[in-house]
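Trainee: Using the working numbering, the first residue of the sequence shown is number 178, and each one after it goes up by one.
Cβ atoms here follow ideal geometry from the backbone N, Cα and C, with glycine treated the same way.
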Amino acid sequence: MTKKFDITGRHTVQTAKVTSDIDQDMEHFIAGAESLTTMTVQTPERIKRALKRLALDRDTTIKNLLIEILEAYLTDIKTNKL
């Protein structure tokens with residue numbers, strides 16, 4: 178039987194990319210970028226069409242429009258409860 182692989186005592190050197198990752202994360206933090214998550218939501222067709230029309234009118238995407246609408250709504254609720 179022949180060996181399919183050979184295990185040696187050799188260690189490979191890996192360059193540390195930690196500093197570049199930290200720098201990149203820091204740039205996102207400084208820029209105010211927030212991590213995103215994915216949500217799947219079922220909506221009626223009429224709402225989908227209305228969102229598409231509004232997004233086209235504002236020259237934005239449905240995703241950005243929904244984020245804007247939800248942020249405004251949540252801010253309004255928070256300020257009205259106080």
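Which whole-angstrom value is the C-beta distance of I244 and L228, which I expect to be below 8 Å?
Mentor: 12 Å between Cβ atoms; not a contact.
Trainee: Which two residues bound the contiguous alpha helix (DSSP H) that contains D234?
Mentor: Its alpha helix (DSSP H) spans residues E222 to R235.
Trainee: Mind checking whether A249 and L242 have CB atoms under 8 Å apart?
Mentor: Their beta carbons are not under 8 Å apart, which means A249 does not touch L242 by this criterion.
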